[in-house]
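Chemist: So the protein lines, in turn, are chains V and F.
All the letters of the first sequence, read from the start, carry residue numbers 73 to 536 under the numbering used here.
All the letters of the second sequence, read from the start, carry residue numbers 73 to 536 under the numbering used here.
Take this structure first; my questions come after.
2 protein chains.
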Amino acid sequence: MKRTKIIDVLQSTDFNQEVLVKGWVRTHRSSKAVHFIALNDGSTIKNVQIVVDPETIDPETLKNITTGACLCVSGTLVESQGQGQTVEIQGKEIEIYGLCGNDYPMQKKGQSFEYMRQHAHLRLRTNTFGAVMRIRHNMAIAIHKYFHDHGYFYFHTPIITASDAEGAGEMFQVTTQDLNNLQRDEQGKVKYDDDFFGKMTSLTVSGQLEGELGATALGQIYTFGPTFRAENSNTPRHLAEFWMIEPEIAFTDLDDLMGIEEEFIKYCVQWALDNCKDDLEFLNKMIDKTLLTRLQSVVNGSFVRLDYSEGIKILEEAVKSGQKFEYPVSWGMDLASEHERYLVEHHFKKPVIMYNYPKEIKAFYMKINEDGKTVQGTDVLFPQIGEIIGGSVREESYEKLLGEIEHRHIPMKDMWWYLDTRKFGSCPHGGFGLGFERLILFVTGMQNIRDVIPFPRTPKSAEF
Amino acid sequence: MKRTKIIDVLQSTDFNQEVLVKGWVRTHRSSKAVHFIALNDGSTIKNVQIVVDPETIDPETLKNITTGACLCVSGTLVESQGQGQTVEIQGKEIEIYGLCGNDYPMQKKGQSFEYMRQHAHLRLRTNTFGAVMRIRHNMAIAIHKYFHDHGYFYFHTPIITASDAEGAGEMFQVTTQDLNNLQRDEQGKVKYDDDFFGKMTSLTVSGQLEGELGATALGQIYTFGPTFRAENSNTPRHLAEFWMIEPEIAFTDLDDLMGIEEEFIKYCVQWALDNCKDDLEFLNKMIDKTLLTRLQSVVNGSFVRLDYSEGIKILEEAVKSGQKFEYPVSWGMDLASEHERYLVEHHFKKPVIMYNYPKEIKAFYMKINEDGKTVQGTDVLFPQIGEIIGGSVREESYEKLLGEIEHRHIPMKDMWWYLDTRKFGSCPHGGFGLGFERLILFVTGMQNIRDVIPFPRTPKSAEF
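Given below as structure tokens:
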């Protein structure tokens with residue numbers, strides 16, 4: 073007989089038919105007359121209940137049906153008598169694929185998230201992390217589907233890079249040299265002639281610059297790949313290795329770009345609401361009781377579009393009216409988390425797309441407005457999360473871009489290929505970056521970014 | 073007016089309507105009475121022809137419409153008089169977004185692939201590389217769609233890893249230490265206490281082992297991420313950085329696994345035939361005249377399933393009949409490319425799935441058959457490409473797996489989490505790996521793996 077996945081069993085109405093299921097024991101309760109086994113195979117957060125007459129199964133087998141054990145069960149599908157499920161299986165034959173002793177680390181319910189992180193290889197078998205990982209999968213699918221349906225091409229930008237225009241100081245170095253036996257020049261400095269790439273290389277901090285090469289050829293591209301920051305930050309918001317989505321779009325402008333940002337993020341959240349119902353309901357119940365309401369509010373309302381200078385005025389008015397901020401408010405500053413939260417959660421009570429930021433607080437490649445002071449950056453600010461998307465129209469003028477690169481002392485020799493896009497058939501274009509784990513935090517209601525990626529990389533931690 | 077993408081313009085029948093297109097000039101031909109501009113925006117390999125009456129456009133603008141320049145053109149959509157296209161645009165207004173001088177490296181047609189690699193940032197604007205990148209995108213989409221539709225979950229395994237069970241000697245090291253000022257212990261050996269992760273770390277060579285952690289919790293997962301080999305191989309088949317797809321499936325067996333491998337790869341090739349028609353026809357004409365025939369033959373026939381020992385017999389018979397091989401044939405050997413090609417291209421004239429390999433030539437985690445000599449490895453061998461998929465059923469017995477790990481002297485301390493999957497509720501499972509660029513080589517007919525990834529990483533080369 074062919075195995076049926078539990079997600080399909082639970083939707084089946086083929087009562088009194090034989091069915092074969094395989095999975096892991098979540099619980100095993102018993103009385104003298106009857107045993108109840110809750111079996112889960114990862115296809116859904118829901119377990120199927122196996123009802124067993126102890127007279128029909130070898131007692132040794134019954135004894136070994138412990139939490140975590142892996143079973144193959146055949147039986148009859150019946151309408152459930154009990155509460156909480158519509159179908160159950162009257163078990164006839166049970167084979168134990170894998171025993172599970174009482175040293176199983178996931179045995180006890182209600183362990184802390186810190187404990188779970190230390191057992192990241194087994195936490196995937198719990199309700200919470202199963203739900204998070206299924207939602208994570210669905211968000212990746214939504215992202216690919218959105219871009220594919222809108223004519224973007226998935227574009228793999230390099231992970232190992234020899235340019236450090238954006239990430240100086242926060243990059244992981246990549247080498248094949250034997251650190252105990254380094255090649256050195258006459259001054260004793262490390263030489264890279266014999267290193268794999270013949271020069272110093274690092275892990276990418278962003279695929280944007282290479283993404284622009286794709287967009288100025290293929291029209292619209294997006295990246296979706298791992299990104300790295302060697303920042304020594306032990307916070308619930310930082311990972312050393314995380315996944316980024318970076319669409320880049322030829323022939324866009326500021327308004328169009330903000331429209332895409334809003335449409336895209338709403339599409340993802342709507343996808344979760346449509347496709348992850350059981351998992352979201354579980355998280356809404358167990359992790360964050362405002363989760364579903366918050367997701368609904370994002371897809372139902374329109375985002376506020378707020379000029380940076382207008383935003384500063386609102387914050388200044390708030391200060392005048394007695395609002396206290398830790399950091400003072402003035403034009404030219406980078407908004408702190410407290411300012412973003414005031415605008416999003418208190419003032420507008422809606423997601424905000426802020427644009428036209430002061431040039432000095434933004435990156436060299438952003439398009440400079442006619443005022444010479446502001447650039448066409450666009451950040452999407454979300455309740456609870458803060459900045460979920462950072463984007464901009466890119467400066468397409470060769471002269472202006474070169475001016476910024478020189479003004480900021482960015483090493484030119486690494487940038488020749490980037491400048492070529494402005495030299496040969498330059499076009500207006502823009503794009504944005506979405507930190508994938510930020511999105512998963514928002515959509516799951518989880519509080520710590522280490523709990524929304526299977527195996528988090530953080531300072532002093534690279535286990536599994 | 074809103075811009076229309078060229079792929080949509082070419083399918084439009086809204087004749088005599090105004091249309092706005094944007095893109096890059098591929099060619100500009102002119103006579104006294106009329107100018108023809110071929111414009112491409114990356115959405116399709118096909119150009120739209122702009123017909124211009126030189127009397128209506130400023131001569132300075134006309135002069136600047138050079139190959140590579142970026143234009144915004146409005147005009148009237150009409151049925152084409154000329155050959156090779158059904159619609160064209162009678163240009164009315166032309167704005168030049170970006171000039172392109174005669175030092176544009178992609179100006180001359182028919183440059184060598186080696187030249188193109190040196191201009192990888194601009195080769196994306198050519199017909200060949202545009203086609204390859206659009207097909208690459210479509211293959212990624214097909215992969216996600218296949219797995220999503222079949223209930224697999226996309227699972228991100230770590231890129232930076234502290235375990236080296238599989239890749240010892242071929243791994244890139246990752247560090248945040250200053251190589252000019254390394255911390256050393258009393259014996260002068262490099263210390264990792266102050267390195268970012270507090271120990272020696274490297275770039276992953278495979279996500280499989282972590283993928284198994286996912287499959288034994290979520291049932292079915294797949295990875296799709298970058299993978300690294302610091303192998304000093306300057307060949308048309310090797311990249312230091314490439315993308316791998318690694319599905320891992322709980323409750324599978326050898327037959328089931330081979331069925332999935334065949335169904336999956338046929339799905340991808342069929343997707344290309346269905347969704348990349350124009351690009352494939354171009355490549356079939358310009359790169360490899362047998363391409364379309366070869367793709368069709370893969371989806372139409374069934375794959376041969378060949379026991380390794382049977383395969384050796386066939387090769388031995390061939391030798392007896394006078395077939396010459398460079399490497400001698402005997403049971404226990406790893407097949408060389410010449411042997412695979414003989415079986416696939418000469419003997420069967422079909423893709424072959426070979427299984428039940430000798431234990432000694434395969435990895436430690438493969439399920440050992442009852443004969444104690446062979447393991448349930450399954451390689452899919454393709455015409456021209458050779459091995460396109462390598463997979464196996466995994467050994468689920470804790471004792472047997474531990475035996476292999478000890479026999480092969482694999483460092484145990486890094487493997488505790490992997491062994492836990494066999495200790496706590498072990499289940500029969502298997503999986504396979506597909507090198508993404510190998511698939512793209514097969515589907516595009518390109519000959520060099522450096523030409524099917526945007527920015528190849530190879531020894532001494534990490535440009536862009």
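Just so it is clear, CB atoms sit at the ideal spot from N, CA and C, and this is done for glycine as well.
Please read these numbers as outputs of a predicted model, since none were measured by experiment.
Pull up the distance between the alpha-carbon of Gln280/F and that of Glu320/F, whole angstroms please.
Modeler: Those two C-alpha atoms are separated by around 7 Å.
Chemist: Would you call the CB atoms of Ile512/V and Met188/V closer than 8 Å?
Modeler: Cβ atoms of Ile512/V and Met188/V: not closer than 8 Å.
Chemist: For a contact meaning CB atoms closer than 8 Å, what does Gly140/F contact in chain V?
Modeler: Residues of chain V passing the Cβ test: Phe496 and Gly497.
Chemist: In chain F, which residues lie less than 7 Å from His481/V when you measure between Cβ atoms?
Modeler: Going along chain F, no residue has its Cβ under 7 Å from His481/V, so there is no contact; the nearest lies around 21 Å.
Chemist: Can you confirm whether Trp343/F, when its beta carbon is compared against all beta carbons of chain V, has any partner nearer than 8 Å?
Modeler: Taking Cβ atoms only, chain V never reaches closer than 8 Å to Trp343/F, which makes this a no.
Chemist: Starting from the beta carbon of Arg206/V, find every residue of chain F whose beta carbon is closer than 8 Å, and list them in chain order.
Modeler: Result: Phe225 and Leu290.
Chemist: Taking 8 Å as the cut-off, decide whether the C-beta atoms of Thr295/F and Glu318/F are in contact.
Modeler: Yes, the Cβ-Cβ distance between Thr295/F and Glu318/F is below 8 Å.
Chemist: Could you work out which residues of chain V lie near Pro308/F, taking near to mean beta carbons separated by less than 7 Å?
Modeler: Going along chain V, no residue has its Cβ under 7 Å from Pro308/F, so there is no contact; the nearest lies around 19 Å.
Chemist: Rank Ile384/F, Ala141/F, Leu326/F and Leu171/F by C-alpha distance to the C-alpha of His419/F and give the top, closest one.
Modeler: Answer by Cα proximity: Ile384/F.
Chemist: Starting from Lys392/F, trace the alpha helix (DSSP H) in both directions and tell me its first and last residue.
Modeler: From DSSP, the alpha helix (DSSP H) with Lys392/F extends over Tyr380 to Lys392.
Chemist: Taking the runs of the beta strand (DSSP E) that are 3 residues or longer, which of them lie wholly in the region 373-460 of chain V?
Modeler: Counting only runs of 3 or more, we get 376-379, 424-430 and 446-454.
Chemist: Give me the Cα-Cα distance between Leu363/F and Lys422/F, rounded to the nearest whole angstrom.
Modeler: Rounded to the nearest angstrom, the two C-alpha atoms are 15 Å apart.
Chemist: I need the straight-line Cα distance from Ile129/F to Asn174/F, nearest angstrom please.
Modeler: Near 22 Å, if we compare the C-alpha coordinates of Asn174/F and Ile129/F.
Chemist: Using 10 angstroms around the beta-carbon of Pro483/V, count the other beta-carbons present and answer buried if the total reaches 16, otherwise exposed.
Modeler: So Pro483/V counts as exposed.
Chemist: Please say whether Pro126/F and Ile231/F have beta carbons closer to each other than 8 Å?
Modeler: No. Outside cutoff.
Chemist: From Val371/F to Glu335/F, what does the alpha carbon distance come to, in whole angstroms?
Modeler: Going by the C-alpha atoms only, they are around 9 Å apart.
Chemist: Under 8 Å: do the region 108-125 of chain V and the region 144-162 of chain V share three or more Cβ pairs, one atom per stretch?
Modeler: Taking 8 Å as the limit for Cβ pairs, the verdict is that the region 144-162 of chain V does touch the region 108-125 of chain V.
Chemist: DSSP state of Gln292/F, grouped into three classes?
Modeler: Looking at Gln292/F - three-state DSSP - the assignment turns out to be strand.
Chemist: Just by C-beta distance, which residues in the region 507-529 of chain F are closer than 7 Å to chain V?
Modeler: Listed by position along the chain: Ile525, Pro526, Phe527 and Arg529.
Chemist: Beta carbon of Gly503/V, beta carbon of Ala287/V: below 8 Å?
Modeler: Taking 8 Å as the Cβ cut-off, Gly503/V and Ala287/V qualify as a contacting pair.
Chemist: Answer with yes or no whether the minimum CB distance from Pro319/F to chain V is below 8 Å.
Modeler: It does not: the Cβ of Pro319/F has no partner Cβ on chain V nearer than 8 Å.
Chemist: At 4 residues or longer, and completely inside the region 251-322 of chain F: list those alpha helix (DSSP H) runs for me, N to C.
Modeler: Complete alpha helix (DSSP H) runs here, min 4: 280-290.
Chemist: Specify, as a first and last residue, the run of the beta strand (DSSP E) that Gly475/V falls within.
Modeler: Note, Gly475/V: premise wrong, no beta strand (DSSP E); alpha helix (DSSP H) at Tyr470 to His479.
Chemist: Relative to the alpha-carbon of Asn136/V, which residue among Gly505/F, Ile215/F and Gly497/F has its alpha-carbon at the smallest distance?
Modeler: Residue Gly497/F is the option with its Cα nearest to Asn136/V.
Chemist: Chain F beta carbons: is any one of them nearer than 8 Å to that of Tyr570/V?
Modeler: No answer is possible for residue 570/V: it lies beyond the span of chain V, which begins at 73 and ends at 536.
Chemist: Could you spell out the range, first to last residue, of the beta strand (DSSP E) harbouring Lys94/F?
Modeler: Looking at the DSSP string, the run of the beta strand (DSSP E) that includes Lys94/F is Glu90 to Ser102.
Chemist: For Tyr437/V, count neighbouring C-beta atoms within 10 Å of its own C-beta (all shown protein chains included) and say buried if the count is 16 or more, exposed if not.
Modeler: Buried, because 16 or more other Cβ atoms sit within 10 Å of the Cβ of Tyr437/V.
Chemist: Please classify Ser131/V: is it buried, with 16 or more other beta-carbons within 10 angstroms of its beta-carbon, or exposed?
Modeler: Before going on, a small fix: residue 131/V reads as Pro here, not Ser. Burial call: exposed.
Chemist: Using a Cβ-Cβ cut-off of 8 Å, state whether Leu491/F counts as contacting chain V.
Modeler: Chain V, which has no Cβ nearer than 8 Å to the Cβ of Leu491/F, makes this no.
Chemist: Cβ closer than 9 Å: which chain V residues qualify as neighbours of Arg75/F?
Modeler: What Arg75/F touches in chain V: Phe323.
Chemist: In chain order, what residues of the same chain have a beta carbon less than 7 Å from the beta carbon of Asn304/V, not counting five sequence neighbours either side?
Modeler: Same-chain partners within the cutoff: Pro531.
Chemist: Mind checking whether Leu92/V and Leu143/V have CB atoms under 8 Å apart?
Modeler: No, the Cβ-Cβ distance between Leu92/V and Leu143/V is not below 8 Å.
Chemist: Quick one: grab the DSSP three-state call for Gly182/V.
Modeler: Residue state, collapsed to three classes: coil.
Chemist: Could you tell me which chain F residues have their CB closer than 7 Å to the CB of Asn252/V, listed as they occur along the chain?
Modeler: By Cβ distance, chain F contributes Lys261 and Val262.
Chemist: For Phe508/V and Ala214/V, I'd like the C-alpha separation in whole angstroms.
Modeler: Near 12 Å, if we compare the C-alpha coordinates of Ala214/V and Phe508/V.
Chemist: With DSSP as the reference, label His191/V as helix, strand or coil.
Modeler: Reduced to three states, the DSSP call for His191/V is coil.
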